[in-house]
Each structure stands twice: as C-alpha cells, then as structure tokens.
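Quick notes on the structure that follows.
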Amino acid sequence: MSDNQKQKISKFHRPSSFPSRHINTNILLNMADSDVLPDLAALSTSLEASVSNLEDIVAPLLSEPFESHLGPLPPLDRAKLEIVTAFAINTLVHGVCRRSGRGLE
Numbered sequence: 002m003s004d005n006q007k008q009k010i011s012k013f014h015r016p017s018s019f020p021s022r023h024i025n026t027n028i029l030l031n032m033a034d035s036d037v038l039p040d041l042a043a044l045s046t047s048l049e050a051s052v053s054n055l056e057d058i059v060a061p062l063l064s065e066p067f068e069s070h071l072g073p074l075p076p077l078d079r080a081k082l083e084i085v086t087a088f089a090i091n092t093l094v095h096g097v098c099r100r101s102g103r104g105l106e
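Read in our numbering, the sequence shown has 104 at position 103, and its numbers run on one by one without any break.
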C-alpha cells in the first residue's frame, strides 16, 4: 500500500454510530479512479451487469399488477408465491438497512 493510500485511510474516520460489524465503503469514494484495485473494479462491473440482467428479468413481472400473476394459480401455489414474495421483499429491505448502517432492532 502506498504512502498516499495510507494517508487517505488515516484521514478516514468511521462515525461512532456505525457498529463495528458493518464495513464502511465510503473510503473508496475518496480515492481517485487510479487507486481502485483492478479486482474491485472488475467486481463492480460484474455487479452492475448482474443488476442490469435482474432488471431485465423482473421487468415483465412488474409490468402487470401482482394479482394478475396470482389469478390462474391453484390456492396452494398462490399462497406459496405470496409467502416467497413477502420473504424476498423482507430480505431486500433488511439488506438495504444493513448496508446503510441502520440497526434493525
């Protein structure tokens, strides 16, 4: 690690409101593009492509009301889909809260 990077890291200070188990990635925002590790840049590009693919896959589901997807299903399958959907939404909200440093207690 270069002296310049060490100085940037030493200037960074994590607010006391962040629990120690959370990783604060704001330090990467303070670095110049040339300082970002190539592996991290590749991972970022891969993540961006994955999110784009996910948006393309989910778009047809979101273009119609949720009820229209449930209508033709038998009652048991309908209940399963509703439970999985609720679980997925809960998981996404939980992940966003954790990444933003907010506690869920």
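Ideal Cβ placement from N, Cα and C applies to all residues, glycine included.
Annotated as distal: T46 and F67, with beta-carbon spacing of 9 Å or more.
For R99, the uninterrupted alpha helix (DSSP H) run begins and ends at P76 to R100, by DSSP. According to the DSSP assignment, E68 belongs to the alpha helix (DSSP H) that extends over F67 to L71.
In the structure shown, S64 adopts coil according to DSSP, grouped into three states. Taking each of L82, A43 and V52 in turn and checking the Cα distance to S69, the smallest one comes out for L82.
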